[in-house]
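Residue numbers (our numbering): 1 to 86.
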């Protein structure tokens with residue numbers, strides 16, 4: 001999964017469906033990516049993308065109040081993702 005994620009061509013602006021979030025025990029962390037020689041900005045952009053998709057994956061389980069908060073968080077994360085220039 002990690003290698004597949006590393007091979008993704010990251011667009012400058014967020015696009016829906018770039019990855020499909022799959023929950024895992026170990027997750028994705030910046031230390032592992034940095035050890036592989038991945039650029040810090042690319043790491044940050046990858047982590048933002050994963051966070052966006054993680055939040056979206058939980059939307060069906062949320063009540064209306066939680067959903068409204070999650071959508072705000074998604075929009076904030078997308079804004080941050082878009083601001084990272086590779």
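The C-beta atom is built at its ideal place from N, Cα and C for all residues, glycine as well.
Do residue j and residue i come within 9 Å of each other at the CB atom, strictly closer than that value?
{"i": "residue 42", "j": "residue 55", "result": "no"}
{"i": "residue 85", "j": "residue 15", "result": "no"}
{"i": "residue 49", "j": "residue 18", "result": "yes"}
{"i": "residue 46", "j": "residue 5", "result": "yes"}
{"i": "residue 32", "j": "residue 2", "result": "yes"}
Could you work out which residue in the options is closest to residue i when comparing CA atoms only?
{"i": "residue 75", "options": "22, 51, 64", "result": "51"}
{"i": "residue 22", "options": "57, 66, 67", "result": "57"}
{"i": "residue 79", "options": "44, 61, 20", "result": "44"}
{"i": "residue 81", "options": "68, 53, 37", "result": "53"}
If we define contact as Cβ-Cβ less than 9 Å, is residue i a contact residue for chain C?
{"i": "residue 50", "result": "No chain C appears in the structure shown, which is made up of a single protein chain."}
**Q.** Uninterrupted alpha helix (DSSP H) stretches inside the stretch 36 to 86 (no shorter than 4 residues)
**A.** 40 to 58, 64 to 83
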